[in-house]
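The structure appears right after this line, and notes come after that.
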Amino acid sequence: MRVAFASDHAGLTLKTSLVAAVRELGHEPVDLGPESGASVDYPDFAKKLCAEVVAARVDCGVLVCGTGIGMSMTANKVKGIRAALCHTEFEARMTRAHNDANVLCLGERVVGSGVARGIVEAFLSSKFEGGRHAARVAKIE
Ligand code: RB5
16 MRVAFASDHA GLTLKTSLVA AVRELGHEPV DLGPESGASV DYPDFAKKLC AEVVAARVDC
76 GVLVCGTGIG MSMTANKVKG IRAALCHTEF EARMTRAHND ANVLCLGERV VGSGVARGIV
136 EAFLSSKFEG GRHAARVAKI E
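In terms of my numbering, the sequence shown opens at residue 16 and continues consecutively.
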């Protein structure tokens, strides 16, 4: 899968480690920044990543900020984006299976890097179940 990544300064370290992790798993990461730890505004990077997902230039995206909350609030304002803030692998599997989430949000100050890697793996390996869930997801739009 082609997977976009973006963060703010508070999510930079985790984003960098997850980019390497998904590459190891055989996916194609697309790092949309930032590249340094200078203070930036998370909505700018959330919008940049969501534009890539909506345009189908990537299969899905991962956004990281301090809590994951600001990223998820911003991403869910974008038409066509279904962003899920996850803290567990269970949430990541369920949001793919039932909500057809196309953006995963994580908080570097909330989850450890090992837990975050497991969450990303679960998100990327889970499939939307469709069926009764498809009509519900359509109602979101
Ligand atoms: C940055 O200090 C922090 O506010 C941001 O990363 C995020 O947690 C916002 O939701």
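Idealized CB from N, CA, C, for every residue including glycine.
**Asked** If we call anything under 9 angstroms between Cβ atoms a contact, is V45 one with R17?
**Response** By 1-based counting over the sequence shown, the position of residue 45 is 30. By 1-based counting over the sequence shown, the position of residue 17 is 2. In this structure, R17 lies closer than 9 angstroms to V45 by Cβ.
**Below 5 angstroms from a heavy atom of the ligand RB5 - residues by beta-carbon** = For the ligand RB5, the selected residues are D23, A25, C80, G81, T82, I84, G85.
**Prompt:** Grouping DSSP H, G and I as helix and E and B as strand, with all else coil, what is R17?
**Reply:** Here the question's residue 17 lines up with position 2 in the sequence shown. In the displayed model, R17 falls within a strand according to three-state DSSP.
**Asked** Which class does S140 belong to by DSSP, given the choice of helix, strand or coil?
**Response** Position 125 of the sequence shown, counting from 1, holds the residue named residue 140. Residue state, collapsed to three classes: helix.
**Asked** Could you give the distance in angstroms between the alpha-carbon of L33 and the alpha-carbon of A131?
**Response** Position 18 of the sequence shown, counted from the first residue, corresponds to residue 33. Position 116 of the sequence shown, counted from the first residue, corresponds to residue 131. Between L33 and A131, the C-alpha separation is close to 8 angstroms.
**Three or more C-beta pairs below 8 angstroms linking the segment 19-37 and the segment 90-102** = They do not touch, by the three-pair rule.
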